[in-house]
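Trainee: Quick one: this structure, given as structure tokens, is what I'll be asking you about.
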Amino acid sequence: MKDILALTCGIFQAEMQRLAPRFPRLRFVLADSMLHMRPDLLQSRIDDELAKHPPGKTLFIYGDCTPRIVELSRKPGFAKTTGINCCEILLGREEYRRLRKAGAFFFLPEWTLRWRDVFERELEYLSIDLPPDLKSAIAVINGLIEERLALLASLHFTVPKREKLSIKALNAINAQIQQRIASRDPAGYSAASVYAECMKLKHAVTLAESQGSEVLKGYLAKLIAEGTGSGGSKASQRLAADQSFRELFARSTEWTKELHPKTGFVLDLVKAQLEAFPKSRIIVFAT
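Each number in the working numbering corresponds to the 1-based position in the sequence shown with 26 added.
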């Protein structure tokens with residue numbers, strides 16, 4: 027008989043699924059972990075579940091997430107897991123405090139899997155427009171990628187459109203190439219070099235979008251040096267010989283400052299936060 031109500035934060039969903047068979051008397055009710063952002067809604071959800079439960083025992087698998095959870099857990103018939111928050115519950119008090127002291131930031135699996143939902147719906151996800159020069163550079167690189175995908179397609183490899191060229195898609199192309207090489211198909215060896223070019227170009231796009239023009243400029247210079255020097259890979263040599271790639275490299279040498287606006291954008295956000303809430307603690311994740 028499930029006569030004990032176990033009100034649980036959704037952050038523990040995987041753990042509760044594992045533990046449920048060992049505790050047949052517990053009736054687990056999971057609440058969305060995003061309710062932590064709105065304690066009043068979290069408490070309303072808890073009160074609704076308590077109203078449905080006949081008088082009996084209740085276990086809160088929560089930290090000190092609302093004042094009422096703490097208050098109720100001190101009354102007969104109620105209990106709460108030890109720990110001020112979900113991280114301390116999972117790690118234990120000593121380990122949690124040790125990691126906090128070391129400066130660790132905890133990003134639990136349930137939030138990691140739902141990161142877009144967390145940041146776009148519950149927090150805020152801001153897009154930044156790239157300046158024309160950086161957009162133009164990315165467009166050139168994307169054009170080079172499209173040329174290489176077309177070449178692979180002409181060799182009878184299955185390739186996606188450039189917009190769909192994810193790491194997973196690149197791995198799928200590589201698997202085809204390795205299969206052709208294993209069967210001693212000459213096209214496999216030619217395709218391997220083209221594939222390496224795609225990887226380098228895809229990485230260049232990632233650098234431009236996430237790290238900015240200065241890092242991209244350095245990477246382009248590195249590829250030119252590899253392709254024109256002795257011992258460079260065939261992929262680097264082909265890129266260094268490509269007219270569009272060489273022109274892009276020449277343009278990049280004229281960039282005298284960082285083109286990506288994210289640094290100034292983040293600085294403005296931090297200033298605004300500290301002006302509004304001087305005691306704020308701010309974490310900046312940077313690539």
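In this text, a Cβ means the ideal position worked out from N, Cα and C, and glycines have one as well.
Could you name the residues of the same chain whose beta carbon sits closer than 8 Å to that of Ile167, not counting the 5 residues immediately before and after it, in chain order?
Mentor: The residue given as residue 167 occupies position 141 in the sequence shown. Hits under 8 Å: Leu227, Ala230, Val231, Ala234 and Leu274.
Trainee: When the Cα of Phe183 is compared with those of Ile207, Leu76 and Ala57, which residue comes out closest?
Mentor: Here residue 183 refers to the residue found at position 157 when the sequence shown is read from its first residue. Per the Cα distances, Ile207.
Trainee: Taking Ala276 as the reference, give the member of Met42, Leu246 and Ala217 with the closest Cα.
Mentor: Against the sequence shown, residue 276 aligns to sequence position 250. Closest by alpha carbon: Leu246.
Trainee: Got a sec? Which residues, its chain only, sit under 6 Å from Gly258 by beta carbon, not counting five neighbours each side?
Mentor: The count along the sequence shown starts at 1 and reaches residue 258 at position 232. Here the set comprises Glu252.
Trainee: Could you check which residue in Asp268, Glu120, Cys112 and Leu160 has the C-alpha nearest to that of Pro134?
Mentor: Reading the sequence shown from its first residue, position 108 is the one you call residue 134. First, the amino acid is wrong: residue 134 is Leu here, not Pro. The option with the nearest alpha carbon to Leu134 is Cys112.
Trainee: Under 9 Å, do Gly238 and His286 count as touching if we go by C-beta distance?
Mentor: Position 212 of the sequence shown holds residue 238. Position 260 of the sequence shown holds residue 286. The answer is yes: Cβ separation under 9 Å.
Trainee: What's the gap between the Cα of Thr279 and the Cα of Ala298?
Mentor: In the sequence shown, the residue the question calls residue 279 occupies position 253. In the sequence shown, the residue the question calls residue 298 occupies position 272. Each residue's alpha carbon lies about 34 Å from the other.
Trainee: Looking at the structure shown, is Leu156 part of a helix, part of a strand, or coil, going by DSSP?
Mentor: For this step, residue 156 is matched to residue 130 along the sequence shown. In this structure, Leu156 counts as coil in the three-state DSSP scheme.
Trainee: Do Leu76 and Leu52 have their C-beta atoms closer together than 9 Å?
Mentor: Residue 76 sits at position 50 when you count from the first residue of the sequence shown. Residue 52 sits at position 26 when you count from the first residue of the sequence shown. Their beta carbons are not under 9 Å apart, which means Leu76 does not touch Leu52 by this criterion.
Trainee: Between which two residues does the alpha helix (DSSP H) holding Val231 run?
Mentor: Residue mapping note: residue 231 aligns to position 205 of the sequence shown, counting from 1. First-last of the alpha helix (DSSP H) with Val231: Pro212 to Ser236.
Trainee: Within this structure, are the beta carbons of Leu175 and Leu160 separated by less than 9 Å?
Mentor: Position 149 of the sequence shown, counted from the first residue, corresponds to residue 175. Position 134 of the sequence shown, counted from the first residue, corresponds to residue 160. The answer is no: Cβ separation not under 9 Å.
Trainee: Grab me the residues of Asp268's own chain with a C-beta within less than 8 Å of its C-beta, minus the 5 sequence neighbours each way, in chain order.
Mentor: On the sequence shown, residue 268 is found 242 positions in, with the first residue counted as 1. Here the set comprises Leu170.
Trainee: Please report the straight-line C-alpha distance between Glu173 and Thr282, rounded to a whole angstrom.
Mentor: Stepping through the sequence shown from its first residue, residue 173 is reached at position 147. Stepping through the sequence shown from its first residue, residue 282 is reached at position 256. The straight-line gap from Cα to Cα measures roughly 30 Å.
Trainee: Going by the beta-carbon positions, is the gap between Leu116 and Cys91 smaller than 9 Å?
Mentor: Locating residue 116 in the sequence shown gives position 90, where the first residue counts as 1. Locating residue 91 in the sequence shown gives position 65, where the first residue counts as 1. No, Cβ-Cβ distance for Leu116 and Cys91 is not below 9 Å.
Trainee: Skipping 5 residues on each side, what residues in its chain have a beta carbon closer than 6 Å to that of Ile37?
Mentor: Position 11 of the sequence shown, counted from the start, is the residue given in the question as residue 37. Excluding positions up to five away in sequence, the list reads Ser59, Cys112, Leu134 and Glu136.
Trainee: So the alpha helix (DSSP H) Val296 belongs to, where does it begin and stop?
Mentor: Taking the sequence shown and counting its residues from 1, one reaches residue 296 at position 270. Segment Lys288 to Ala302, the alpha helix (DSSP H) holding Val296.
Trainee: Taking just the CA atoms, how far does Met42 sit from Pro93?
Mentor: Counted from its first residue, the sequence shown places residue 93 at position 67. Counted from its first residue, the sequence shown places residue 42 at position 16. Whole-angstrom Cα-Cα distance: 24 Å.
Trainee: Drop a sphere of 10 angstroms on the beta-carbon of Ala40, count the other beta-carbons inside from all chains shown, and report buried for 16 or more, exposed for fewer.
Mentor: By one-based count along the sequence shown, residue 40 stands at place 14. Ala40 is exposed by the Cβ-count criterion.
Trainee: Can you tell me where the beta strand (DSSP E) holding Ile87 begins and where it ends?
Mentor: Here residue 87 is taken as the residue at index 61 of the sequence shown, counted from 1. Residues Lys83 to Ile87.
Trainee: Going along the chain, which unbroken runs of the alpha helix (DSSP H) with 4 or more residues stay wholly within the stretch 29–99?
Mentor: You should have 39–45, 65–78 and 93–98.
Trainee: Could you pull the start and end residues of the beta strand (DSSP E) that Phe104 belongs to?
Mentor: On the sequence shown, position 78 is the one that residue 104 refers to. Counting along the chain, the beta strand (DSSP E) containing Phe104 begins and ends at Phe104 to Lys106.
Trainee: From Ala302 to Leu152, what does the alpha carbon distance come to, in whole angstroms?
Mentor: Position 276 of the sequence shown, counting from 1, holds the residue named residue 302. Position 126 of the sequence shown, counting from 1, holds the residue named residue 152. Cα to Cα, Ala302 sits roughly 19 Å from Leu152.
Trainee: Should Tyr88 be labelled buried (16 or more other beta-carbon atoms within 10 Å of its own) or exposed?
Mentor: One-based indexing of the sequence shown puts residue 88 at position 62. That one is buried.
Trainee: Can you tell me whether Ala57 is buried or exposed? The criterion is at least 16 other CB atoms within 10 Å of its CB, across all chains shown.
Mentor: The residue you call residue 57 lines up with position 31 of the sequence shown. Flag for Ala57 reads buried.
Trainee: Could you have a look at Asp268 and say whether DSSP puts it in helix, strand or coil?
Mentor: For this step, residue 268 is matched to residue 242 along the sequence shown. Reduced to three states, the DSSP call for Asp268 is coil.
Trainee: Between Tyr221, Pro212 and Ser162, which lies nearest to Ser270 when the distance is taken from Cα to Cα?
Mentor: Here the question's residue 270 lines up with position 244 in the sequence shown. Measuring from the Cα of Ser270, the nearest candidate turns out to be Ser162.
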